[in-house]
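Peer 1: To get our numbering, take the position in the sequence shown, counting from 1, and add 314. Let me begin by handing over the structure; questions about it come next.
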Amino acid sequence: MSEDVQLKINDKNGAFYIEVDGKQEALMTFVFAGEDKIIIDHTEVNPGNNGKGFGKKMVTKAVEFAREKGIKIIPLCPFAKSVFDKTPEFRDVL
């Protein structure tokens, strides 16, 4: 059972998501804000997956993505914002 975070992107937005046994169990969506920023606007984890850390895994992947691309993150989603508030080492991408 793989719980790797996947990424899908189209022109103006994208999503990080986790599939378990071929079923999407968690999703975090974002939109591009210009060339150098993404806005995380929504995070959801399917019922029954609470406490598995899926949300934080997706935020962590977003931080890695931002660092790779040299972009910043604006966490409008309350969940993502709370992860940034609790994780000082992620603040370099804010």
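Glycine residues also receive a C-beta, built at the ideal position from the N, C-alpha and C atoms.
1) Could you pull out every residue in the same chain whose Cβ sits closer than 7 angstroms to the Cβ of E333, ignoring the five residues on either side in sequence?
2) Can you tell me whether DSSP reads T374 as helix, strand or coil?
3) So, with DSSP's three-state summary, where would you put E403?
4) Sorted by chain position, which residues of the same chain lie with C-beta nearer than 7 angstroms to D350's C-beta, five sequence neighbours on each side aside?
Peer 2: Taking the definition as stated:
1) Q320 and E339
2) helix
3) helix
4) I385 and K386
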